[in-house]
Every structure is written in structure tokens, then in C-alpha cells.
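Below is one structure; the comments refer to it alone.
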Amino acid sequence: MKSIKPITALIALLGASSAMAANLKIPMSFEYLALDGKKVEGSLFNHKSDLELSEGTHKIAIRYHDMVQDDFSDSESFVKSSPFIVTLAVDGDYEYQLQPAEGEIIKKPKSFAKSPAVVISRVDGGNVNYKVTQTDITESSFVSKLFNGDSGQDIEAATAAATGGAAVARSTAPAQQATTVEAVTLPAKLPANPSDADHAQQMLQYWWLHADEKTRKEFMSWAIQQL
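In terms of mature numbering (1 follows the signal peptide of the UniProt record, and there is no 0), the sequence shown is residues -21 to -1, 1 to 206.
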């Protein structure tokens, strides 16, 4: 009779290998954009909070993106930061979590979005070797693309390039150990008429917040055809 031990051992080894993956968790107010030169898939309706990471050093593009109370009305609006790059050295199957440096509650979202300060910790309390690099990568608003014909910057492609080794701007001081990142300013495009675009965006955001999912999907299908 042939022994099944080698097969059992192989299965156990494969299971152990897959279990060695680490995990990074982010709050709802943040979103992944790219990992090691590749876009991270996500959607408006399905927030991706967990990112599986193999052992080694990874570059992850993340941005702050939240809905806040509007200063001039009772409605809500979106606030969005430029992407920042987290360089994280993974040395085991640990659970990592990203949080705002000021705590779970961001008191001034618009100020925070200008230069998001975040910290990464391990659930087990161990040391984390990471660095956060702010960038000047920007994208035109959906409204400016729709009404002004602004092609803008492909933020997903830009962040994929940045995490794949391209230079990014505004490097922060390292949290632990760091490698040098060459700074370079990337161009930003502005709407032809900022005041009109801002007003249109507020109206669109108000409508979007009060629309049901079916209406949102129908609108997105139409809007994509207009770009």
C-alpha cells in the first residue's frame, strides 16, 4: 500500500504557505489605488478594506476619501486627498492596520486631506518598518470632465506607476527605516471655470446622495459614454 503521508505533508505545506500572507486593513474613509505597480480594483458600492501582502517590501498607493458635512448648507459633500504611498516591509503573517495619526476621528477632514498623516501598526503590537510618502498626483473632478471636456490625469495609472518604482513628490520623514525617494512635481489640471464647476459638483453630489442604487448605475452608464 502506498503511503499517503507525502501527499498529506504537501497539502499541509501548501496550506501553511497560503496562511503566511500578511494583511493590511484600512478604515472606510480610505481607499486603495495601487499595489506594487498594479491597480487595486474597487468600486463605489464595494469598499475594499483588506489587502493581502506577501513577505517582502511593498509600495501601496492609498488616499483619503470621505463624505463630510458641507460648511454652507445642510447637505454633505466629498473630500478627497492626493494619493500617498506607503512603503511597508512585511516580515511575517501579521495583521497590519492603518489609522489617522490623530486618532480614529478626523476632526478637520478638509485640512487632513491636504496632507494625510497616518500611522501603521501591528495588531500584536510588534514593530512595523514603513514609510509614508505624500504625492502631488491630482485628478480632475468628474464634473470638470463632464462639462468642461477636461481629460485630467489618470490617477490609477499614475499611482500604479508610482508604486511600481516611479518617482513621486513630497516625501515625508520616515516612520521607521526608509529608502530615498526622488521628488518630482506632477502637473495638475484645473477646470476652465472653477466656480461653475464647484457649483455643478455640489449639485451633482447632492443628487447622488439622494439617488437609489438603480438610478446611480443608470447615470454612471450614461456618464461614462460622455467622457
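Glycine included, every Cβ here is placed at the ideal spot set by N, Cα and C.
### Message
Within the continuous alpha helix (DSSP H) that includes Ile5, where are the two ends?
### Response
Membership of Ile5 in any alpha helix (DSSP H) is not indicated, and neither H nor E is assigned to it by DSSP.
### Message
Please list the terminal residues of the continuous beta strand (DSSP E) segment that includes Lys110.
### Response
For Lys110, the enclosing beta strand (DSSP E) has its first and last residue at Asn108 to Gln113.
#### Entry: Simplified DSSP assignment, three categories, for Val200
The sequence given here places Ser at residue 200; Val does not occur at that position. Correct three-state label for Ser200: helix.
### Query
Thinking C-alpha only, which one of Lys196, Ala96, Phe91 and Arg195 is nearest Val111?
That would be Ala96, whose Cα lies nearest to the Cα of Val111.
### Query
So what does Gly35 bridge to, in DSSP terms?
DSSP, once it has assigned bridges, lists Val69 as partnering Gly35.
### Task
Rank Glu10, Gly16 and Pro6 by C-alpha distance to the C-alpha of Ala140 and give the top, closest one.
Proximity to Ala140 across Glu10, Gly16 and Pro6 peaks at Gly16, based on C-alpha coordinates.
### Task
Please classify Lys93: does DSSP put it in a helix, a strand, or coil?
Helix at Lys93.
### Message
In whole angstroms, give me the CA-to-CA distance for Lys193 and Glu34.
### Response
So the two alpha carbons sit approximately 41 Å from each other.
### Task
Ignore the nearest five residues each way along the sequence and tell me which others in Lys59's own chain have a CB closer than 6 Å to its CB.
Short of 6 Å from the beta carbon of Lys59, and not among the five residues preceding or following it, lie these beta carbons of its own chain, in chain order: His44.
### Task
Under the assumption that Ala1 contacts Tyr75 (Cβ atoms under 8 Å), give the Cβ distance between them as a whole number of angstroms.
Between Tyr75 and Ala1 the Cβ distance is about 6 Å, and since that is below 8 Å, they are a contact.
### Query
What's the gap between the Cα of Arg195 and the Cα of Gln180?
About 15 Å.
### Task
Identify, in the order they occur along the chain, each residue of the same chain with its Cβ nearer than 7 Å to the Cβ of Ala40, setting aside the five sequence neighbours on each side.
Hits under 7 Å: Leu12, Ala13, Pro62, Ile64, Thr138, Ala141 and Thr142.
### Task
Could you name the residues of the same chain whose beta carbon sits closer than 7 Å to that of Arg101, not counting the 5 residues immediately before and after it, in chain order?
Excluding positions up to five away in sequence, the list reads Tyr73, Glu74, Tyr75 and Val107.
### Message
Using the Cβ count rule (16 or more neighbours within 10 Å means buried), how would you classify Leu87?
### Response
Looking at the sequence shown, residue 87 is not Leu but Lys. Exposed, by the Cβ-count rule.
#### Entry: Pairwise C-alpha distance: Ile134 and Ile5
Between Ile5 and Ile134, the C-alpha separation is close to 19 Å.
#### Entry: Expected contact under 8 Å - CB spacing of Pro32 and Leu3 to nearest Å
The residue asked about is misnamed: residue 32 is Leu in this sequence, not Pro. The Cβ separation is near 6 Å, so the contact holds.
#### Entry: Rounded C-alpha distance that separates Thr66 from Ile99
About 11 Å.
#### Entry: 8 Å contact criterion, which Met46 and His26 should meet: CB distance rounded
With a Cβ gap of about 12 Å, Met46 and His26 do not count as contacting.
### Query
Who are the Cβ neighbours of Asp29 in its own chain at under 6 Å, not counting the five residues just before and after it?
Around Asp29, the same chain offers Asn2 and Lys4 as residues with beta carbons nearer than 6 Å, after the five sequence neighbours per side are excluded.
### Query
Under the rule that 16 or more other beta-carbon atoms within 10 Å means buried, what is Ser38, buried or exposed?
For clarity, residue 38 is Lys in the given sequence; the question names Ser instead. Classification for Lys38: buried.
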